[in-house]
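**Q**
In full-length UniProt numbering, the protein residues as written are 1 to 148.
1) Which parts of the segment 65–145 are runs of the beta strand (DSSP E), unbroken and 3 residues or longer, counting only runs that do not cross its ends?
2) Where do the ends of the alpha helix (DSSP H) carrying residue 22 lie?
3) Reducing DSSP to helix, strand and coil, say where residue 58 ends up.
4) Beta strand (DSSP E) containing residue 153: first to last residue?
5) Given this structure, state the Cα-to-Cα distance separating residue 47 from residue 117, to the nearest angstrom.
Structure follows, in structure tokens:
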């Protein structure tokens, strides 16, 4: 289970270092094979899955009937853009330039452990997200029983 927030620097070659605290977990969870793809719901963010977790997500997404445009769009953003990355000897993964450009990722970014996957946010998009509050009118039925 990944959790926590880490400020990350992306170097000029598009590499980011997996935080030391996660390296053993990543090695155990997926033999150092991560899959990077687009976040289809929010701009400025990529998702990084351990390969085995990704395969389950991929199969669910591909099982959706592609007669619906929204399903094809989800398949395009998740499955069509999925790329396997592996940390080098220094724990760095290279993000494809197309992914970095689409998400607006530059030198400064934020890596979030979100349970079964990581979210990699551009610094600006992350700040915009965390500065938003959840209004009373947005609280779902599922949230009412939470004791935060």
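Ideal Cβ positions, reconstructed from N, Cα and C, are used throughout, including at glycine.
All values reported here derive from a predicted model rather than from experimental measurement.
**A** The relevant details are as follows:
1) 83–85, 92–94, 108–115 and 118–122
2) 20–30
3) helix
4) What is shown of the chain runs 1 to 148, which leaves residue 153 out entirely.
5) 7 Å
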